[in-house]
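Undergrad: Numbering (the numbering used here), first residue to last: 3 to 407. In this text, a Cβ means the ideal position worked out from N, Cα and C, and glycines have one as well. Okay, here's the structure, questions in a sec.
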């Protein structure tokens, strides 16, 4: 299948967006350490972004159905740019205690909120891809998009870690992320035309209605989609807990420094690039999207269980590959399943719902994970795996209900 030329700017946009996000991953725990904060504070900082993305994503997704993809991409990316300015300003503030935490940490938290509110451009970008591709092409396109995300994870944490190891500490990371976001904004301005051929001008946008995700799911009148979204919540709580604690995990269990943590993310990003770029489409062609999704979830579950026995960083990398393959098979196939279930006018809606569920699950998971990590340490991987396993129980009960209907 030949990829349409219109796809490339969005793939590049996703790459630069992911790069801007990934530069902070190896740095944030060391910022927490610098100000003598706890893993719970770390969890709150991660959650702040996700919670406000939960609010922003469905609104941006629905607005893009009404007014077009391009203007919403511009507004959201400008918000990300501003958030990095706020993040950088925190470096110059005195370490004074306000509301039980330091002033710089509060300002960093505010910057994550600003980025979260405008961070729903992922749903708009995915809707853009759905606009310009046929349903049968989407698993490959979403797989390539995931590989691009993986490539950003190869580069971002390494350069972010090195920037933070300079004499200006995390200010270097903020400056780097600012320029990455600026490049993204210019990319949208000059290279991303409008993709939506038919605007839904009758669509009524109300704030409370937009963030009532479960009402939106009900409006789709699809039991299959409702079941899929419920399973999505269990997967996301598990996955967000894992990704939130990954830096703390390798830092504390293996005694790694900030640049070494960046190298860990480089390897994980390489896994993601290979798996989503080469394997997700091949599995989907051989087994179909739904079986591929199930295979991915099982691999991810097995990886979480055996991660407990990763006594050194080399064993950790081997097990991480299994986890990564599972995630790489799950995410693009899930996207294909849900976007193929609705017509073109609802692509913004369906992607907005998906990103909102991802965001709200990601908002609470880091706080829960941070609290549990404080008490049980790296053994938390077992708890994360059990959360994931809950979706298989849900799927079984739903299948029994369908058979008995």
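1) Leaving out the 5 sequence neighbours to the left and right, which residues in its chain are closer than 6 Å to residue 272 when beta-carbon positions are compared?
2) Have a look at 76, 327, 51 and 69 and flag the residue whose alpha-carbon is nearest the alpha-carbon of residue 449.
3) On the CB-based measure, 16 or more other CB atoms within 10 Å of its CB, does residue 217 come out buried or exposed?
4) Does residue 103 come out as helix, strand or coil in the three-state DSSP assignment?
5) Just to confirm my understanding: we take residue 235, look at its own chain, exclude 5 residues before and 5 after, and list those with CB closer than 7 Å. What are they?
6) Compare the beta carbon distance of residue 329 and residue 298 with 8 Å and say whether it is the shorter of the two.
7) Assuming contact is defined by CB atoms lying nearer than 8 Å, are residue 338 and residue 349 in contact in what I supplied?
8) Would you kindly work out how many angstroms separate the C-alpha atoms of residue 57 and residue 352, rounded to a whole number?
9) Within the same chain, show all residues whose beta-carbon is closer than 7 Å to that of residue 259, passing over the 5 residues directly before and after it, in chain order.
10) So residue 278 is in the alpha helix (DSSP H); what residue range does that whole segment cover?
11) Between the segment 300 to 319 and the segment 118 to 138, can you find at least three pairs of beta-carbon atoms closer than 8 Å?
12) Round the Cβ separation of residue 34 and residue 162 to the nearest angstrom and send it over; I've been treating them as touching at under 8 Å.
13) Compute the distance between the beta-carbons of residue 183 and residue 71, then report whether it is under 8 Å.
14) Using three-state DSSP, classify residue 11 as helix, strand or coil.
15) Rounding to the nearest angstrom, what Cα-Cα distance links residue 110 and residue 43 in this structure?
16) When DSSP labels each residue in this structure, what does residue 151 get in the three-state scheme?
17) With distances taken from CA atoms, which of 135, 45, 106 and 18 is nearest residue 79?
18) Would you say residue 280 lies against chain B (beta-carbon separation less than 8 Å)?
19) Counting C-beta neighbours from all protein chains within 10 Å, is the total for residue 169 16 or more, i.e. buried, or is it exposed?
TA: The structure says:
1) 156
2) For the chain, the structure presents residues 3 to 407; residue 449 sits outside this window and is missing.
3) exposed
4) Strand.
5) 359 and 363
6) yes
7) no
8) 15 Å
9) none
10) Element bounds for residue 278: n/a, residue is neither H nor E.
11) Contact fails: fewer than three Cβ-Cβ distances are below 8 Å.
12) Not quite, the Cβ-Cβ distance comes to about 15 Å (not below 8 Å), so this is no contact.
13) No Cβ-Cβ contact shorter than 8 Å links residue 183 with residue 71.
14) helix
15) Between residue 110 and residue 43, the alpha-carbon positions lie close to 11 Å from each other.
16) helix
17) 18
18) In the structure shown, chain B cannot be found, because there is only a single protein chain.
19) exposed
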